[in-house]
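Protein sequence lines, in the order shown, are assigned to chains U and P.
Each residue of the first sequence is one higher than the one before, starting from 5 at the first, in the working numbering.
Each residue of the second sequence is one higher than the one before, starting from 5 at the first, in the working numbering.
Glycine included, every Cβ here is placed at the ideal spot set by N, Cα and C.
Written out below as structure tokens is the structure these notes cover.
Protein chains: 2
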Amino acid sequence: QDLFGANEDAASLNADLFKKHGITVIDIMGSVGTGKTQLIEAMCERLHERHRILMIAGDLATNIDADRVGSHGVDTVQINTGTACHLDARMVRVALADIDLSKYDVVFIENVGNLICPAGYSLGAAKKIVVVSVTEGPYMIQKHPLTIKRADMVVINKIDLAEILEFDIDALVKDVREVDANLSVHKVSSKTGMGISELLDSLGL
Amino acid sequence: QDLFGANEDAASLNADLFKKHGITVIDIMGSVGTGKTQLIEAMCERLHERHRILMIAGDLATNIDADRVGSHGVDTVQINTGTACHLDARMVRVALADIDLSKYDVVFIENVGNLICPAGYSLGAAKKIVVVSVTEGPYMIQKHPLTIKRADMVVINKIDLAEILEFDIDALVKDVREVDANLSVHKVSSKTGMGISELLDSLGL
Ligand SMILES: Nc1nc2c(ncn2[C@@H]2O[C@H](COP(=O)(O)OP(=O)(O)OP(=O)(O)O)[C@@H](O)[C@H]2O)c(=O)[nH]1
Ligand SMILES: Nc1nc2c(ncn2[C@@H]2O[C@H](COP(=O)(O)OP(=O)(O)OP(=O)(O)O)[C@@H](O)[C@H]2O)c(=O)[nH]1
Ligand SMILES: [Mg+2]
Ligand SMILES: [Mg+2]
Ligand SMILES: [Zn+2]
Ligand SMILES: [Zn+2]
Numbered sequence: 005q006d007l008f009g010a011n012e013d014a015a016s017l018n019a020d021l022f023k024k025h026g027i028t029v030i031d032i033m034g035s036v037g038t039g040k041t042q043l044i045e046a047m048c049e050r051l052h053e054r055h056r057i058l059m060i061a062g063d064l065a066t067n068i069d070a071d072r073v074g075s076h077g078v079d080t081v082q083i084n085t086g087t088a089c090h091l092d093a094r095m096v097r098v099a100l101a102d103i104d105l106s107k108y109d110v111v112f113i114e115n116v117g118n119l120i121c122p123a124g125y126s127l128g129a130a131k132k133i134v135v136v137s138v139t140e141g142p143y144m145i146q147k148h149p150l151t152i153k154r155a156d157m158v159v160i161n162k163i164d165l166a167e168i169l170e171f172d173i174d175a176l177v178k179d180v181r182e183v184d185a186n187l188s189v190h191k192v193s194s195k196t197g198m199g200i201s202e203l204l205d206s207l208g209l
Numbered sequence: 005q006d007l008f009g010a011n012e013d014a015a016s017l018n019a020d021l022f023k024k025h026g027i028t029v030i031d032i033m034g035s036v037g038t039g040k041t042q043l044i045e046a047m048c049e050r051l052h053e054r055h056r057i058l059m060i061a062g063d064l065a066t067n068i069d070a071d072r073v074g075s076h077g078v079d080t081v082q083i084n085t086g087t088a089c090h091l092d093a094r095m096v097r098v099a100l101a102d103i104d105l106s107k108y109d110v111v112f113i114e115n116v117g118n119l120i121c122p123a124g125y126s127l128g129a130a131k132k133i134v135v136v137s138v139t140e141g142p143y144m145i146q147k148h149p150l151t152i153k154r155a156d157m158v159v160i161n162k163i164d165l166a167e168i169l170e171f172d173i174d175a176l177v178k179d180v181r182e183v184d185a186n187l188s189v190h191k192v193s194s195k196t197g198m199g200i201s202e203l204l205d206s207l208g209l
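What follows is the structure in structure tokens.
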């Protein structure tokens with residue numbers, strides 16, 4: 005599809021730009037309310053003293069997520085797509101046009117809340133993390149094989165709620181393994197902090 | 005956009021077909037795991053003795069939702085879109101091609117788990133219901149104004165979890181009212197049954 009081809013080219017340009025500035029870029033996607041922003045907040049709290057972080061927030065509307073993360077002492081940029089259901093590489097490039105990238109060594113990009121469309125659009129990040137939540141029920145991995153195949157890591161969030169929801173985390177991990185036996189999976193609570201330091205180790209941050 | 009225009013035509017044809025057979029069609033959309041299927045199951049349990057129900061399930065992959073609803077004594081059809089992030093009117097028409105519509109007076113269509121794209125594609129249903137969940141956090145209404153504007157009803161699901169999540173339901177209802185002062189809002193638990201009979205009354209079922 006031509007849209008995807010053009011995006012791949014734009015993503016490569018982004019990747020070159022990030023490499024030139026020595027920046028590690030992480031693209032974080034997941035459905036509405038799975039905890040993408042809370043995860044980024046948790047990571048920024050632990051990293052902002054030893055890394056220079058920029059966070060790019062993508063949503064159809066509002067500055068809510070950029071504002072939330074900005075309160076943790078990191079710089080932020082908000083992209084409002086209006087109608088687009090996913091960030092693409094061009095939008096990210098445009099958002100960074102007036103930014104002095106030499107100021108940062110880590111960029112977190114929070115994609116639009118959507119488990120499908122963002123999987124098809126590379127942003128030129130080093131890693132694409134898919135955040136799922138135990139509150140979504142047990143079938144989201146089986147129902148989204150393409151998304152899981154294109155992920156570099158799956159984060160199972162809100163594990164602090166698993167017991168009360170009678171959620172079978174092991175079954176979900178097994179579903180991920182069926183799609184990709186070697187995919188990195190992290191079980192975390194962005195609220196309590198459980199699993200976050202192991203996740204950061206795995207990201208090399 | 006031409007895609008939308010062509011879809012509107014297909015949706016009108018669907019609407020005519022449903023009207024010809026005297027069928028009430030309800031399009032149920034919402035993000036991943038908000039409880040669309042559980043809501044349909046709860047409604048079918050209460051309706052299947054006095055209505056002849058068909059349920060159409062839409063997902064990129066699996067028959068999970070059609071199988072779940074089918075166990076409640078209603079007929080089902082599963083649409084697997086493969087890559088498409090929303091159902092459109094043509095897909096629904098094709099799915100119904102071999103179905104004897106004279107057998108039914110109610111059709112529930114469960115859209116793909118996605119709070120954005122399905123809002124732009126009418127299926128020719130009488131009503132488009134948007135199901136949000138208290139587990140998604142407090143911002144999903146503010147972030148998706150177009151979706152809310154295009155809805156005929158908002159169902160706030162999983163209210164049985166609101167207390168433990170310290171979720172402010174009134175604030176969410178207020179957010180809906182800011183987009184559309186007259187939009188029908190129902191607070192329900194598809195698990196406990198709270199609010200379901202009122203919802204059915206409101207749907208005229
Ligand atoms: N219990 C619990 N709640 C969490 C956790 N992570 C996030 N939440 C809550 O889940 C809700 C959604 O979290 P967000 O961080 O806004 O999720 P998001 O994926 O960024 O949402 P969108 O960007 O709007 O799609 C909020 O009420 C959070 O407080 C967690 O690990 N445990
Ligand atoms: N506590 C509680 N859990 C619910 C409620 N409704 C649904 N659930 C649970 O939430 C999870 C997701 O429910 P589903 O009915 O599969 O949601 P869905 O919107 O159909 O999911 P997809 O079709 O996969 O997008 C399941 O584990 C359900 O048991 C509710 O009212 N209360
Ligand atoms: Mg967010
Ligand atoms: Mg479902
Ligand atoms: Zn899309
Ligand atoms: Zn779409």
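Can you check whether the C-beta of residue i is within less than 8 Å of a C-beta belonging to chain P?
{"i": "Val36 (chain U)", "result": "yes"}
{"i": "Gly117 (chain U)", "result": "yes"}
{"i": "Leu150 (chain U)", "result": "yes"}
{"i": "Cys48 (chain U)", "result": "no"}
Just mark residue i as buried or exposed, buried being the case when its beta carbon has 16 or more other beta carbons within 10 Å.
{"i": "Glu272 (chain U)", "result": "The structure shown does not extend to residue 272 (chain U), since chain U is modelled only from 5 through 209, so no value can be given for it."}
{"i": "Glu202 (chain U)", "result": "exposed"}
{"i": "Gly141 (chain U)", "result": "buried"}
{"i": "Ala175 (chain P)", "result": "exposed"}
{"i": "Leu17 (chain U)", "result": "exposed"}
{"i": "Thr87 (chain U)", "result": "exposed"}
{"i": "Gly197 (chain P)", "result": "exposed"}
{"i": "Asp69 (chain P)", "result": "buried"}
{"i": "Ala155 (chain U)", "result": "buried"}
{"i": "Ala185 (chain U)", "result": "exposed"}
{"i": "Leu207 (chain U)", "result": "buried"}
{"i": "Leu58 (chain U)", "result": "buried"}
{"i": "Lys132 (chain U)", "result": "buried"}
{"i": "Lys147 (chain P)", "result": "buried"}
Do the CB positions of residue i and residue j come within less than 8 Å of each other?
{"i": "Leu119 (chain P)", "j": "Gly117 (chain U)", "result": "yes"}
{"i": "Ile168 (chain P)", "j": "Asp109 (chain P)", "result": "no"}
{"i": "Ile32 (chain U)", "j": "Leu21 (chain U)", "result": "no"}
{"i": "Gly39 (chain P)", "j": "Val135 (chain P)", "result": "yes"}
{"i": "Leu64 (chain P)", "j": "Thr85 (chain P)", "result": "yes"}
{"i": "Asn161 (chain U)", "j": "Val189 (chain U)", "result": "no"}
{"i": "Ile113 (chain U)", "j": "Ile200 (chain U)", "result": "no"}
{"i": "Ala15 (chain U)", "j": "Ser106 (chain U)", "result": "no"}
{"i": "Val213 (chain U)", "j": "Val158 (chain U)", "result": "There is no way to answer for residue 213 (chain U), as the model of chain U reaches only from 5 to 209."}
{"i": "Leu51 (chain U)", "j": "Leu209 (chain U)", "result": "yes"}
{"i": "Ile152 (chain U)", "j": "Ile145 (chain U)", "result": "yes"}
{"i": "Val180 (chain P)", "j": "Pro149 (chain P)", "result": "no"}
Can you tell which of the options has its C-alpha closest to the C-alpha of residue i?
{"i": "Thr139 (chain P)", "options": "U:His55, U:Val36, U:Leu7, U:Ile30", "result": "U:Val36"}
{"i": "Ile83 (chain P)", "options": "P:Ile44, P:Thr196, P:Asn115", "result": "P:Asn115"}
{"i": "Arg56 (chain U)", "options": "U:Ala65, U:Glu182, U:Val180, U:Gly74", "result": "U:Gly74"}
{"i": "Leu165 (chain P)", "options": "P:Leu91, P:Cys48, P:Ser137", "result": "P:Ser137"}
{"i": "Gly77 (chain P)", "options": "P:His90, P:Cys48, P:Asn67, P:Cys89", "result": "P:Cys48"}
{"i": "Ala123 (chain P)", "options": "P:Arg181, P:His52, P:His90, P:Arg94", "result": "P:His90"}
{"i": "Glu45 (chain U)", "options": "U:Lys24, U:Arg72, U:Leu58", "result": "U:Arg72"}
{"i": "Tyr143 (chain P)", "options": "U:Glu182, U:Asn11, U:Asn67", "result": "U:Asn67"}
{"i": "Leu204 (chain P)", "options": "P:Glu12, P:Asn11, P:Arg54, P:Leu7", "result": "P:Arg54"}
{"i": "Leu7 (chain U)", "options": "U:Asp92, U:Gly62, U:Lys24", "result": "U:Asp92"}
{"i": "Asp13 (chain P)", "options": "P:Arg181, P:His25, P:Lys23, P:Arg94", "result": "P:Arg94"}
{"i": "Asn11 (chain P)", "options": "P:Arg97, P:Leu187, P:Ala130", "result": "P:Arg97"}
{"i": "Lys24 (chain U)", "options": "U:Gly62, U:Cys121, U:Gly128, U:Ile173", "result": "U:Gly128"}
Quick check: is the beta carbon of residue i nearer than 8 Å to any beta carbon in chain U?
{"i": "Gly9 (chain P)", "result": "no"}
{"i": "Thr66 (chain P)", "result": "yes"}
{"i": "Gln146 (chain P)", "result": "yes"}
{"i": "Tyr125 (chain P)", "result": "no"}
{"i": "Ile168 (chain P)", "result": "yes"}
{"i": "Glu140 (chain P)", "result": "yes"}
{"i": "Asp63 (chain P)", "result": "yes"}
{"i": "Ile120 (chain P)", "result": "yes"}
{"i": "Thr80 (chain P)", "result": "no"}
{"i": "Thr196 (chain P)", "result": "no"}
{"i": "Thr87 (chain P)", "result": "yes"}
Is the Cβ of residue i closer than 8 Å to any Cβ of chain A?
{"i": "Tyr108 (chain P)", "result": "Reference to chain A is not applicable here, since the protein chains of this structure are U and P."}
Residues around ligand 5, please: the condition is that the C-beta lies closer than 6 Å to some non-hydrogen atom of it. U:Cys89, U:His90, U:Cys121, P:Cys89, P:Cys121
message = Residues around ligand 4, please: the condition is that the C-beta lies closer than 6 Å to some non-hydrogen atom of it.
response = P:Lys40, P:Thr41, P:Asp69, P:Glu114
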